[in-house]
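Shown next, in structure tokens, is the structure this report addresses.
2 protein chains.
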Amino acid sequence: MAKTGDRARPAAEPALSALDFALDRGSPVPLYHQLAQQLEAAIQRGVLAPGNLLGNEVDLSVRLGLSRPTVRQAIQSLVDKGLLVRRRGVGTQVVHSRVRRPLELSSLYDDLEAAGQGPATLVVRHETVPASPGTAAALGLAEGEEVVLLERLRSTHGQPVALLCNYLPPGLLELDDDRLEATGLYRMMRSAGITLHSARQTVGARSATAQEAARLGEREGAALLTMERTAYDDTGRPVEFGTHIYRASRYSFDFQLLVRP
Amino acid sequence: MAKTGDRARPAAEPALSALDFALDRGSPVPLYHQLAQQLEAAIQRGVLAPGNLLGNEVDLSVRLGLSRPTVRQAIQSLVDKGLLVRRRGVGTQVVHSRVRRPLELSSLYDDLEAAGQGPATLVVRHETVPASPGTAAALGLAEGEEVVLLERLRSTHGQPVALLCNYLPPGLLELDDDRLEATGLYRMMRSAGITLHSARQTVGARSATAQEAARLGEREGAALLTMERTAYDDTGRPVEFGTHIYRASRYSFDFQLLVRP
DNA sequence: GAGTGGTCTAGACCACCTG
DNA sequence: AGGTGGTCTAGACCACTCC
């Protein structure tokens with residue numbers, strides 16, 4: 001009951017009944033996911049405005065013909081995404097968001113492509129070398145063991161942006177230079193059945209050496225953004241170690257953090 | 001045998017029965033959280049070694065006298081932390097070694113987390129100024145509206161590390177310089193009842209101006225790491241806009257990413 | 001006191017992986 | 001075929017917030 005009360009309150013009323021959620025029980029897509037998607041769409045479209053209360057979970061589950069845990073699971077996934085906030089004793093409301101994508105294990109290639117910058121990649125080196133101490137430690141190999149070294153120069157609009165140096169465990173992946181230049185390394189890994197799970201990154205800065213400056217089209221001593229990353233697949237096996245440098249004048253890392261209680 | 005094979009290994013036996021989980025139903029701490037904590041402790045202590053299967057959820061719930069959803073909730077929280085991996089039809093296993101230390105991604109707090117190393121803060125400026133266009137946009141205010149400007153120099157071991165420049169909405173917070181120097185801005189916000197929810201960050205690099213170099217003890221033109229951040233509370237209201245610069249020779253951002261399916 | 005989310009139970013069926 | 005996690009149900013009681 002109590003949902004017909006049409007009083008104008010400071011925190012706007014649901015108006016959620018206007019939304020018709022279409023749940024398909026025959027679909028392979030889980031019900032909670034269908035609901036989450038449609039809620040998210042409603043938020044993005046502005047049907048659910050920031051600050052709006054969502055209406056209580058019990059009513060919602062009854063109206064949708066779902067159990068409360070299922071509805072909760074849908075809501076929780078949006079809370080995890082930072083779109084909703086729950087307050088005990090109050091309700092669930094849409095966050096005032098300037099939200100952008102939460103930092104993903106970003107491949108530079110994907111970032112640039114998403115920005116519509118038509119990335120171009122040039123494979124500079126691609127050979128097998130003995131692992132340096134640092135590389136061996138990162139990849140969990142013995143020092144001097146062979147690793148695949150991959151060095152690429154990435155540009156947009158004809159201007160170099162980054163120099164990417166990657167080390168991969170031997171035999172991990174079939175690397176074809178042409179495909180590497182047409183797509184990104186992570187994309188190739190994914191299509192080779194390697195599912196990335198996590199990565200440890202260190203982002204810093206330093207001045208360009210003469211050689212780096214020449215390759216990137218900067219002046220010697222120019223500020224460079226550096227990133228070192230070790231990526232792991234879902235078994236915890238290291239699959240990539242990379243040291244990347246970016247022209248600070250043309251690139252920066254942009255991401256959103258969510259604070260988890 | 002060498003583990004150069006592509007397969008995830010057949011995986012060791014649980015040995016989980018050796019663990020005695022002590023669950024206190026009288027505690028205000030939720031059961032799933034108690035279980036998660038004890039599982040995590042077992043993993044950190046190495047009782048549950050990387051690659052170990054956890055034993056199936058049904059058995060586990062029976063042995064613990066919990067329902068399966070409760071056990072699942074505990075496991076899920078560790079999966080979210082990246083400590084465990086689930087595979088349908090296979091089981092739940094501990095992620096392999098290296099990935100473990102989450103090094104909490106909350107870059108948000110690392111000003112404070114570093115507190116273990118006795119950081120010192122000096123409030124350089126603390127006054128009310130009209131908002132610049134960029135500041136006004138970030139904080140959702142009108143240009144020229146008054147904001148609190150806070151400039152701090154942070155050092156460790158007697159060496160400057162960062163120059164922190166923050167802008168806060170007027171009247172948000174009572175700022176006492178002594179407390180600001182004794183603790184961090186975020187800690188003061190929290191104790192004032194402001195719960196941080198998310199932040200948007202941009203990390204880049206640039207060369208130090210003469211003035212910046214002098215303040216930070218670097219040479220002019222030295223590489224600096226820059227961060228620009230807008231932080232929001234749980235209603236989506238901007239509560240802080242900051243532009244920070246760090247000595248790249250003494251500071252870098254270090255974090256772990258998890259890939260969410 | 002009324003309403004909200006937070007937690008928990010005891011089942012059930014299904015999809016997937018491995019042998 | 002047997003075991004695993006993935007999903008879902010229909011209830012229950014509690015803790016918290018607000019009026």
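Taken in order, these protein sequences are the chains called A and B.
The first sequence maps to residues 1 to 261 in the UniProt record's numbering.
The second sequence maps to residues 1 to 261 in the UniProt record's numbering.
We put the CB at the ideal spot given by N, CA and C, even for glycine.
Because the structure is a prediction, the values reported are computed rather than measured.
Requested in this report: Provide the residue span of the alpha helix (DSSP H) that contains residue 155 of chain B, from first to last.
Outcome: Counting along the chain, residue 155 of chain B sits inside no alpha helix (DSSP H); it lies in the beta strand (DSSP E) bounded by residues 146-156.
Query - Exposure of residue 41 of chain A, with buried meaning 16 or more beta-carbon neighbours within 10 Å - result: Per the 10 Å Cβ criterion, exposed.
Query raised in the report: Residues in the region 199-221 of chain B with C-beta within 8 Å of chain A's C-beta atoms, listed in sequence order?
Result: Of all residues in the region 199-221 of chain B, 199, 200, 201, 202, 203, 204, 205, 206, 207, 221 have a Cβ within less than 8 Å of some Cβ in chain A.
Query - Start and end residues, beta strand (DSSP E) containing residue 204 of chain B - result: From DSSP, the beta strand (DSSP E) with residue 204 of chain B extends over 196-207.
Report task. Would you tell me roughly how many angstroms separate the C-alpha atoms of residue 135 of chain B and residue 241 of chain B, rounded to the nearest one? Result -> C-alpha separation (whole angstroms): 7 Å.
Query raised in the report: residue 167 of chain A by DSSP, collapsed to three states: which one?
Result: Correct three-state label for residue 167 of chain A: strand.
Requested in this report: Could you name the residues of the same chain whose beta carbon sits closer than 8 Å to that of residue 95 of chain A, not counting the 5 residues immediately before and after it, in chain order?
Outcome: So the list reads 50, 82, 83, 84, 85, once near-sequence residues are dropped.
Report task. Closer than 6 Å by C-beta to residue 225 of chain A: which residues in its own chain qualify, once you throw out the five before and the five after it? Chain order, please. Result -> Counting only residues of its own chain and dropping the five nearest sequence neighbours on each side, residue 225 of chain A has a CB closer than 6 Å to the CB of 205, 246, 248.
**Report entry** Contact residues within the region 223-243 of chain B, judged by C-beta distance below 7 Å to chain A
**Finding:** Those residues of the region 223-243 of chain B that come within reach of chain A (Cβ to Cβ, closer than 7 Å) are 223, 224, 225, 234, 235, 236, 237.
Requested in this report: Let me know the secondary structure DSSP gives residue 246 of chain A once reduced to three states.
Outcome: Shown here, residue 246 of chain A sits in a strand according to DSSP, grouped into three states.
**Report entry** For residue 254 of chain B, three-class secondary structure by DSSP
**Finding:** In this structure, residue 254 of chain B counts as strand in the three-state DSSP scheme.
Report task. Using only alpha-carbon positions, find the residue among A:46, A:22, A:44 that is nearest to residue 35 of chain A. Result -> Nearest C-alpha to residue 35 of chain A: A:22.
Query - Nearest-angstrom Cβ-Cβ length linking residue 77 of chain A and residue 68 of chain A, presumed shorter than 8 Å - result: In fact, because the Cβ distance is near 15 Å, the residues do not count as touching under 8 Å.
**Report entry** Exposure of residue 52 of chain B, with buried meaning 16 or more beta-carbon neighbours within 10 Å
**Finding:** The Cβ neighbour count for residue 52 of chain B, taken over all protein chains shown within 10 Å, is at least 16; the residue is labelled buried.
Requested in this report: Would you list the one or two residues that DSSP bridges to residue 126 of chain A?
Outcome: Answer is A:150.
Query raised in the report: Count the other CB atoms within 10 Å of the CB of residue 234 of chain A; is the residue buried (16 or more) or exposed (fewer)?
Result: Around the Cβ of residue 234 of chain A, a 10 Å sphere holds 16 or more other Cβ atoms; the residue is buried.
**Report entry** Contact set for residue 173 of chain A: own chain, Cβ-Cβ below 6 Å, skip 5 residues either direction
**Finding:** Correct list, in chain order: 192.
Report task. Tell me whether residue 131 of chain B sits in a helix, a strand or coil according to DSSP, three-state version. Result -> Look at residue 131 of chain B here: in three-state DSSP terms it is coil, with no helix or strand label.
**Report entry** Under 7 Å (Cβ pairs) to chain A, residues found in the UniProt domain "HTH gntR-type" (29-97) of chain B
**Finding:** If the cut-off is 7 Å between Cβ atoms, the UniProt domain "HTH gntR-type" (29-97) of chain B has 50, 82, 85, 95, 96, 97 near chain A.
Query raised in the report: In the structure shown, what three-state DSSP assignment does residue 230 of chain B receive?
Result: For residue 230 of chain B, the secondary structure class from DSSP, reduced to helix, strand or coil, is strand.
Query - Reference residue 202 of chain A, options B:55, B:255, B:179, closest by Cα - result: Residue B:255 is the option with its Cα nearest to residue 202 of chain A.
Requested in this report: State buried or exposed for residue 158 of chain B, treating a residue as buried only when at least 16 other CB atoms are found within 10 Å of its CB.
Outcome: Under this definition residue 158 of chain B is an exposed residue.
Query raised in the report: How far does the beta strand (DSSP E) with residue 47 of chain A in it reach, from first residue to last?
Result: According to the DSSP assignment, residue 47 of chain A belongs to no beta strand (DSSP E), since it is labelled neither H nor E.
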